[in-house]
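Worksheet: the structure to be examined is printed underneath.
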Amino acid sequence: MNEQLVVKNFGPIKDATVDFKKVTVFIGPTGGGKSTLAKLAAIFRSHSFLGEYAPARKNHFRQYSIDTFLTNKTQFQINSGSDTIDINESMNFATPTIVHKNANEISDKVIASNEFTDEQVKILSELILFSLAKKRGADKNNKLESTIDKHLKNKDKDFYYAMHVIDTLIEETKTYEPSYIPSERIFIPAIEYSWAGLMRDDISLPKNILNFANFFNANKSKINRLNIPFLNVEYIHENGNDFIKNHQSETLVRLYEAASGIQSVTPLLVVLEYLQQRTKSNQSFIIEELELNLFPIAQFELAKILISKCAQLNTANDLILTTHSPYVLTALNLMCYAYRIAQQDEATAKKVAKLIPRDCWIDPAQFAAYYVDLPGTKKKQQVRSIINKKTGLIEENELDTASLELGDIFNKLVRLRQPAKAPASAK
Numbered sequence: 032m033n034e035q036l037v038v039k040n041f042g043p044i045k046d047a048t049v050d051f052k053k054v055t056v057f058i059g060p061t062g063g064g065k066s067t068l069a070k071l072a073a074i075f076r077s078h079s080f081l082g083e084y085a086p087a088r089k090n091h092f093r094q095y096s097i098d099t100f101l102t103n104k105t106q107f108q109i110n111s112g113s114d115t116i117d118i119n120e121s122m123n124f125a126t127p128t129i130v131h132k133n134a135n136e137i138s139d140k141v142i143a144s145n146e147f148t149d150e151q152v153k154i155l156s157e158l159i160l161f162s163l164a165k166k167r168g169a170d171k172n173n174k175l176e177s178t179i180d181k182h183l184k185n186k187d188k189d190f191y192y193a194m195h196v197i198d199t200l201i202e203e204t205k206t207y208e209p210s211y212i213p214s215e216r217i218f219i220p221a222i223e224y225s226w227a228g229l230m231r232d233d234i235s236l237p238k239n240i241l242n243f244a245n246f247f248n249a250n251k252s253k254i255n256r257l258n259i260p261f262l263n264v265e266y267i268h269e270n271g272n273d274f275i276k277n278h279q280s281e282t283l284v285r286l287y288e289a290a291s292g293i294q295s296v297t298p299l300l301v302v303l304e305y306l307q308q309r310t311k312s313n314q315s316f317i318i319e320e321l322e323l324n325l326f327p328i329a330q331f332e333l334a335k336i337l338i339s340k341c342a343q344l345n346t347a348n349d350l351i352l353t354t355h356s357p358y359v360l361t362a363l364n365l366m367c368y369a370y371r372i373a374q375q376d377e378a379t380a381k382k383v384a385k386l387i388p389r390d391c392w393i394d395p396a397q398f399a400a401y402y403v404d405l406p407g408t409k410k411k412q413q414v415r416s417i418i419n420k421k422t423g424l425i426e427e428n429e430l431d432t433a434s435l436e437l438g439d440i441f442n443k444l445v446r447l448r449q450p451a452k453a454p455a456s457a458k
């Protein structure tokens, strides 16, 4: 996906322009706005947001706990090829082309088909109009609702057939909502057996965390076993419980008893496995802090898995990552460089594939990386690309700025070191 997002005066982001690619990564200090940009991408890619009426659109910002960032100075612009959308605090804008395209696909299928009787087409039309009227807040006693009630009371077979048709067509043509996987996924195993109580007591948790937790809990039973080789463990779901099996010791522990890195990775990979198995449509993945509680080599291995599952070269999927880890940047850089070297010839490509598998390669032309600085930075841009335009790789001096700073302090300490005095000679 190639699209551009311009953000002005929204929370920590004062002025930023981001060009999203198939793989996009944000790195920078805590509080700079990496997560804010990722959440905005999730909102603006949501067809339910784009198709809503203005008052309802703000609910999407509330879902990600960023609604308080909206002010009368806030401005957004989305450029996505066929559409340029300007958005301000009011959320008033025309429904973009891509949303109409999906609705038109459904209509075209109905019109082109010879399966439907005139009565069924009429009911289909009434249902669609009724849905639109409800969204606009139309009076509940309107004529459309009476018509629907009549069909329900009469158990009209044409009505139920029409409902089935609508469900089928929407399933065939819909674009799935972006899959947002928050950094707070790590606490999900800890509340595995308290989840029902939390939901019953309506404990206030951010909606995006609840959504991910609900999705994981609803679908984990469909992934009974999942091997996680780079951590040398296997996830097992059995009798409603989540277990982790260690391949070396063959021991079985509850997920919430496992190492913190395993608790962080498992919900993420289980959800991705489910989506990969069950979803044929193009998907957009947004993953916060993949490095959570992982050793650097494990970060590299997880990064490879995410590229292979979420952003393979031969798919239309795309992936957004936020990170604090220079090791994640290095891993992504290696996957870009692997692609570049493999373009020389097939013999070289085979050798490259032994080092980094083909399904983990990243086309540098479809890769973007941004450093997101703190608000009030003295730098010219708060959000700046760290890609070398000639190579398509991350600039070498941007891979680990923290180590460069720490190394500089170390060198200064070395210069302050005084040579040890020679021991006094014995008289």
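First residue of the sequence shown? That's 32 in this note's numbering, and the numbers climb one at a time after it. All C-beta atoms in this analysis are idealised placements derived from N, C-alpha and C, irrespective of residue type, glycine included.
State the beta-bridge partners of residue i as determined by DSSP.
i      : result
ARG76  : For ARG76, which the question treats as bridged, DSSP gives no partner whatsoever.
ILE338 : In the DSSP output, where bridge partners are listed per residue, ILE338 has none listed.
LEU352 : VAL56, ILE318
ALA399 : THR55
ASP50  : GLN35
ILE425 : ILE418
Hey, could you find the ends of the alpha helix (DSSP H) residue i is sitting in?
i      : result
ASP439 : 432-447
GLU377 : 377-386
ASN239 : 238-250
ALA373 : 357-373
ASN258 : Element bounds for ASN258: not the alpha helix (DSSP H) but the beta strand (DSSP E), 256-259.
ARG93  : 85-94
Report yes if the CB atom of residue i is closer than 8 Å to the CB atom of residue j, and no otherwise.
i      : j      : result
LEU71  : VAL38  : yes
LEU323 : LEU337 : no
TYR287 : PRO213 : no
THR361 : LYS65  : no
LEU321 : LEU333 : yes
GLU34  : PHE51  : yes
ASP404 : GLY63  : yes
ILE97  : PHE75  : no
For the candidate residues the options, whose alpha-carbon lies nearest to that of residue i?
i      : options                        : result
ASP394 : MET366, ASP273, SER280, LYS421 : MET366
SER315 : ILE275, GLN106, ALA342         : ALA342
VAL359 : LEU325, ARG371, ILE440, ILE387 : LEU325
TYR370 : PRO357, SER356, LYS385         : LYS385
GLU265 : ILE328, LEU430, ALA289         : ALA289
ASN239 : TYR95, TRP392, THR310          : TYR95
LEU300 : ASN272, ASN313, ILE328, ILE267 : ILE267
GLN413 : THR105, ASN40, GLN35           : ASN40
ILE418 : GLU436, THR55, ASN33           : THR55
GLN374 : ARG389, ALA362, THR361, LEU363 : ARG389
ASN263 : HIS278, GLN308, GLU34, SER295  : HIS278
GLY292 : ARG216, ILE254, LYS253, GLY271 : ARG216
LEU36  : ALA244, GLN106, THR310, SER79  : GLN106
LYS45  : SER295, PRO60, THR67           : THR67
ALA400 : ASN348, ILE425, ILE387, LYS421 : ILE425
VAL296 : GLY271, ALA378, PHE331, ASN90  : PHE331
Where do the ends of the beta strand (DSSP E) carrying residue i lie?
i      : result
GLU34  : 34-41
ILE58  : 54-58
GLU265 : 264-269
PHE107 : 106-110
SER210 : 210-212
SER416 : 414-416
TYR305 : Where TYR305 is concerned, there is no enclosing beta strand (DSSP E), although the alpha helix (DSSP H) it sits in stretches over 291-309.
LYS276 : 272-277
ASN119 : 115-119
LEU283 : 283-285
Flag residue i as yes when its Cβ comes closer than 7 Å to any non-hydrogen atom of the ligand MG, and as no otherwise.
i      : result
PHE326 : Looking for the ligand MG in the displayed structure turns up nothing, as the structure carries no ligands at all.
Determine whether the Cβ of residue i lies closer than 8 Å to any Cβ atom of chain D.
i     : result
LYS53 : The chain labelled as chain D is not found in the depicted structure, where only one protein chain is given.
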